[in-house]
């Protein structure tokens with residue numbers, strides 16, 4: 116296709132409209148991204164200044180390091196514990212909240228309220244609940260005769276504790292998105308199905324789920340990315356421990372950059388994480404999106 | 069007047085530039101006064117001080133700054149809180165790159181080597197030499213901690229120490245003498261057994277001893293065992309090339325800790341220091357170890373009389389063993405104009421004056437850097453009110469001064485400390501034997517030291 120003068124002019128006009136957004140993207144995303152890639156090829160001094168060319172050394176160190184592999188495992192576990200349960204729980208609650216009841220808005224507001232709570236505050240609340248010595252959660256459990264686990268002390272439980280916190284934090288958003296999706300389903304479809312003799316569970320799997328599948332897909336992509344980038348709750352609850360059980364890749368990047376001051380190495384980790392997120396998102400779009408029903 | 073100031077500033081910049089040409093932070097004996105701005109440089113009207121003090125201690129910082137600003141008309145100091153010590157250091161890093169650094173930065177104890185290697189510090193020794201500033205009544209332990217090759221890079225500011233806190237009521241309840249805290253590992257274990265209390269269902273309602281998993285404690289225990297943490301005299305005779313704590317002393321510490329936990333009379337509060345402080349206040353742990361900086365917290369918030377004792381040591385008293393000091397010091401940044409550095413020095417001198425130090429002690433619980441502070445009224449009042457406080461000072465004064473008790477200096481100290489915590493966790497959780505855990509931690513930290521030393525020659 117050849118560019119006509121008109122095409123060029125509309126491209127120019129388009130760029131003018133896009134300019135503010137592009138400017139922000141370039142300054143806050145593309146330049147840092149390029150800089151990160153650049154830094155990942157160098158050894159750095161404590162101040163972050165480059166000292167000598169490292170080539171692919173950081174990448175080789177990274178891919179052969181035990182810590183990075185355990186970081187991948189932690190990230191994977193974290194995603195598996197968090198994303199599906201968060202979405203399913205969100206869907207169940209959204210269906211319940213989609214009923215026509217008196218004062219349903221009160222319930223809707225209550226259930227979606229975690230959206231208004233910052234991750235830092237949420238994580239601190241859960242820290243008080245999980246606290247090894249004085250945790251409220253285990254106290255309540257002990258009242259009904261259950262001896263609660265050492266939430267933040269045992270590695271296998273700590274990742275679950277962080278996941279519970281994360282699910283709780285994302286639940287509000289999930290409910291709102293899914294509720295909006297549910298409300299977009301035309302009543303006639305349900306009526307038609309009812310006339311054809313469809314009932315409860317069948318209606319749910321054959322109509323509700325396919326009709327909200329765009330919302331479900333959206334949440335799958337967004338929640339996965341959010342989990343891969345989760346930081347606050349890990350920082351406040353476990354600082355990556357015990358014994359690296361919650362040292363996800365993002366948390367590892369933080370530790371290497373801002374505790375260990377190895378900016379080159381941390382940049383290499385960031386590039387790997389970026390690639391990982393990109394590949395995962397492409398996979399989700401290629402394979403999962405096929406099953407999404409757009410109206 | 070302004071013209072004159074500009075001229076003086078210009079001249080001093082030339083002087084500073086010439087002085088800066090010499091060998092930076094060189095060996096002992098040399099006078100560093102040439103690195104400081106000339107005595108006639110007029111101090112800047114306003115400087116910024118970054119600090120990392122929270123809660124009561126943050127109020128004390130603001131109080132000190134307000135008092136200074138009121139005490140004279142030439143310099144206004146603005147204190148800016150920058151989050152935790154770690155946060156402050158990362159922000160300082162960023163600020164240095166964009167020429168937005170403060171004139172004074174408060175950096176924690178273990179950031180010493182990092183600051184030195186950043187080459188962004190105007191050594192405090194330059195001012196001390198220039199003005200013949202007298203440090204003879206400073207606490208030797210504190211001075212020794214912050215000296216590198218006999219030069220002070222920074223001015224010690226808030227000094228603490230780790231001690232044993234115990235619940236006197238619990239001691240009485242189980243028939244222990246509330247005035248006699250345990251001093252050795254075996255005694256702590258023995259006391260902890262007695263202090264542990266279970267309810268009818270077998271749940272432990274009070275543990276004897278509950279130290280949080282904090283790398284600092286392990287460092288302290290190595291020092292009271294009379295052992296080095298890193299080679300080359302703990303990184304003080306020359307840059308450290310490896311850490312050396314995977315020895316019998318390191319193993320003894322971990323084995324003692326693990327045995328207490330397995331026996332059910334030690335509690336593991338994890339890495340959550342505030343959590344373990346609250347657990348002590350709530351009577352959940354009858355004894356634990358923490359910084360002296362928690363003294364006010366415990367005295368104000370615990371519902372029982374709080375006792376303090378020396379940091380527990382191995383059973384056979386090691387002759388070279390003693391506590392290392394903790395806390396932070398003040399750095400004057402090299403990239404600021406001489407007028408600001410001059411003003412910064414004026415404030416540092418004020419902060420070091422006996423009365424300011426005494427007030428600081430009374431407001432925070434950190435002990436004074438200089439001994440003459442104890443003659444001032446606020447300090448005397450405090451000592452009568454909180455006699456427990458003397459424990460920390462006595463402990464520091466009783467420690468023999470040597471490379472072990474001077475404490476380690478490492479470029480990768482934050483990382484080493486975090487790795488030590490992981491090591492302790494893996495032993496307490498039974499994932500590794502103490503020797504395996506020590507060897508693994510040492511190997512990983514040494515690798516980090518290697519990388520650091522290569523990148524920061």
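Residue numbers (our numbering), protein chains in the order written: chain A, 116 to 410; chain B, 69 to 525.
Heads up, the beta-carbon is just placed ideally off N, CA and C, and yes, glycines get one too.
From a predicted model like this one, the values you see are computed outputs, not experimental measurements.
Beta-carbon spacing of residue i, residue j below 7 Å
| i | j | result |
| --- | --- | --- |
| residue 185 of chain A | residue 173 of chain A | no |
| residue 234 of chain B | residue 363 of chain B | no |
| residue 519 of chain B | residue 373 of chain B | no |
| residue 287 of chain A | residue 230 of chain A | yes |
| residue 399 of chain B | residue 189 of chain B | yes |
| residue 159 of chain A | residue 151 of chain A | no |
| residue 279 of chain B | residue 357 of chain B | yes |
| residue 468 of chain B | residue 440 of chain B | no |
| residue 408 of chain A | residue 278 of chain A | no |
| residue 470 of chain B | residue 213 of chain B | no |
| residue 143 of chain B | residue 111 of chain B | yes |
| residue 413 of chain B | residue 195 of chain B | yes |
| residue 190 of chain A | residue 364 of chain A | yes |
| residue 249 of chain A | residue 486 of chain B | no |
| residue 509 of chain B | residue 491 of chain B | yes |
Backbone secondary structure at residue i - three-state DSSP
| i | result |
| --- | --- |
| residue 152 of chain B | coil |
| residue 179 of chain A | helix |
| residue 367 of chain A | helix |
| residue 301 of chain B | helix |
| residue 349 of chain A | helix |
| residue 408 of chain A | coil |
| residue 118 of chain B | strand |
| residue 224 of chain B | strand |
| residue 340 of chain A | helix |
| residue 162 of chain A | coil |
| residue 133 of chain A | helix |
| residue 237 of chain A | helix |
| residue 182 of chain B | helix |
| residue 339 of chain B | coil |
| residue 274 of chain B | strand |
| residue 147 of chain B | strand |
| residue 241 of chain B | helix |
| residue 353 of chain B | strand |
Spatially closest choice to residue i from the options, by CA coordinates
| i | options | result |
| --- | --- | --- |
| residue 340 of chain A | A:397, A:305, A:151 | A:397 |
| residue 284 of chain B | B:392, B:205, B:269, B:329 | B:392 |
| residue 346 of chain A | A:234, A:270, A:333, A:195 | A:234 |
| residue 270 of chain B | A:257, A:313, A:294, A:293 | A:257 |
| residue 282 of chain B | B:312, B:339, B:322, B:316 | B:339 |
| residue 181 of chain B | B:217, B:171, B:198, B:170 | B:217 |
| residue 411 of chain B | B:259, B:115, B:98 | B:115 |
| residue 368 of chain A | A:321, A:332, A:385, A:400 | A:385 |
| residue 158 of chain B | B:179, B:138, B:425, B:146 | B:179 |
| residue 106 of chain B | B:409, B:522, B:427 | B:409 |
| residue 335 of chain A | A:261, A:216, A:392 | A:392 |
| residue 338 of chain A | A:194, A:222, A:211 | A:194 |
| residue 148 of chain B | B:396, B:117, B:463 | B:117 |
| residue 147 of chain A | A:210, A:405, A:389, A:355 | A:389 |
| residue 526 of chain B | B:275, B:198, B:298 | Any answer about residue 526 of chain B is impossible in this case: the structure gives chain B only from 69 up to 525. |
| residue 318 of chain A | A:380, A:300, A:153 | A:300 |
Residue i beta carbon near the ligand GTP (any heavy atom closer than 6 Å)
| i | result |
| --- | --- |
| residue 307 of chain B | For the ligand GTP, the structure offers nothing, since it holds no ligand at all. |
Short CB-CB distance (under 7 Å) between residue i and chain E
| i | result |
| --- | --- |
| residue 523 of chain B | Going by chain labels, chain E is absent from the structure shown, which instead holds the protein chains A and B. |
Which residues, taken in chain order from the stretch 461 to 485 of chain B, show a beta carbon closer than 8 Å to some beta carbon of chain A?
479, 480, 482, 483
Taking 8 Å as the threshold, find out whether the stretch 150 to 163 of chain B comes into contact with the stretch 200 to 211 of chain B through three or more Cβ pairs.
no
Should the stretch 264 to 280 of chain A be called in touch with the stretch 245 to 254 of chain A, which here means at least 3 C-beta pairs below 8 Å?
yes
Examine the Cβ distances between the stretch 437 to 457 of chain B and the stretch 237 to 253 of chain B and report whether three or more of them are shorter than 8 Å.
no
Interface residues of the stretch 248 to 277 of chain A facing chain B [CB-CB below 8 Å]:
248, 249, 257, 262, 265, 267, 268, 269, 270
Using 8 Å as the threshold, is the stretch 214 to 233 of chain B in touch with the stretch 417 to 436 of chain B, meaning 3 or more CB pairs across them?
yes
Count Cβ pairs between the stretch 367 to 387 of chain A and the stretch 482 to 497 of chain B that sit closer than 8 Å; are there 3 or more?
yes
Below 8 Å, can you find three or more Cβ-Cβ pairs linking the stretch 196 to 210 of chain A to the stretch 282 to 300 of chain A?
yes
Using a Cβ-Cβ cut-off of less than 8 Å, give me the residues of the stretch 328 to 348 of chain B that come near chain A, in sequence order.
335, 336, 337, 338, 339, 340, 343, 344, 346, 347
Closer than 7 Å, Cβ to Cβ, to anything on chain B: give me those residues from the stretch 158 to 187 of chain A, in chain order.
158, 159, 160, 161, 162, 163, 166
If the cut-off is 7 Å on Cβ atoms, which residues from the stretch 340 to 358 of chain A count as contacting chain B, listed in chain order?
354, 356, 357, 358
Inspect the CB distances between the stretch 497 to 510 of chain B and the stretch 312 to 332 of chain B and report whether three or more fall short of 8 Å.
yes
Anything in the stretch 488 to 509 of chain B with a Cβ closer than 8 Å to a Cβ of chain A? List those residues in chain order, please.
489, 490, 493, 494, 497, 499
Below 8 Å between beta carbons is the criterion; list the residues of the stretch 247 to 280 of chain B that meet it against any residue of chain A, in chain order.
271, 278
Under 8 Å (Cβ pairs) to chain A, residues found in the stretch 196 to 213 of chain B
none
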